[in-house]
Amino acid sequence: MDETEEVSPEELQSGLKKIRRRRWFFWILIMAYLPAMLLALRSAQPNQAVGIVFLVWIILLIISVTLLALVRCPQCGNCFHMNGFLFRPVRRCFHCKLHVTADKQKSKQ
Ligand SMILES: [Zn+2]
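Mapping of the sequence shown onto UniProt numbering: position 49 corresponds to residue 49, and the numbering continues sequentially without gaps.
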């Protein structure tokens, strides 16, 4: 996609919504680790439960990071959180600096 090409507000909004959904999934997963582990430790068979919880969590984390890394910026079409092999879940596009809430900021004006 040409970087100077204008995208419609609808395309921008749906693309940014997708990015925000995946970011939420990622952060909720990170925050769920400790409570899930504490619950596993309280179960009848803590060793087995901790192993299962850790395995499920790490699989979900790999899926979440992959989805987050592959999500495309609706404005420039490049990977929103990736620059080469560098992954950073920041709030701006690595390439065109589009903010993750740019559609909300525009509708306020
Ligand atoms: Zn971009």
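Note that CB positions come from ideal geometry on N, CA and C, so glycine has one too. A quick note: this is a predicted structure, and the numbers were derived from the prediction, not measured.
From this set, the options, which residue's C-alpha is nearest residue i's C-alpha?
{"i": "ALA102", "options": "CYS76, LEU60 and GLN13", "result": "GLN13"}
{"i": "residue 114", "options": "ASN83, VAL100, TYR33 and CYS73", "result": "Since the displayed the chain opens at 1 and closes at 109, residue 114 lies outside it and no answer follows."}
{"i": "LEU61", "options": "GLN105, GLY51 and ILE30", "result": "ILE30"}
{"i": "PHE94", "options": "ALA40, VAL56 and ASN83", "result": "ASN83"}
{"i": "VAL71", "options": "ALA36, ALA49 and PHE26", "result": "PHE26"}
Taking all protein chains shown into account, decide if residue i is buried (16 or more other Cβ within 10 angstroms of its Cβ) or exposed.
{"i": "ILE19", "result": "buried"}
{"i": "GLY15", "result": "buried"}
{"i": "MET1", "result": "Unreliable positioning characterises MET1 in this predicted model, as indicated by a pLDDT of 48, which lies under 50. The coordinate reading is nonetheless provided below. Under this definition MET1 is an exposed residue."}
{"i": "SER64", "result": "buried"}
{"i": "LEU98", "result": "buried"}
Examine ligand 1 and report whether any of its heavy atoms sits within less than 7 Å of the Cβ of residue i.
{"i": "HIS95", "result": "yes"}
{"i": "ASN83", "result": "no"}
{"i": "LEU98", "result": "yes"}
{"i": "GLN75", "result": "yes"}
{"i": "ASN47", "result": "no"}
Closer than 8 Å by C-beta to residue i: which residues in its own chain qualify, once you throw out the five before and the five after it? Chain order, please.
{"i": "CYS96", "result": "GLU3, CYS73, GLN75, CYS76 and ASN78"}
Please say whether residue j and residue i have beta carbons closer to each other than 8 Å?
{"i": "PRO89", "j": "ARG23", "result": "yes"}
{"i": "LEU67", "j": "HIS81", "result": "no"}
{"i": "VAL56", "j": "ALA40", "result": "no"}
{"i": "ALA49", "j": "SER43", "result": "yes"}
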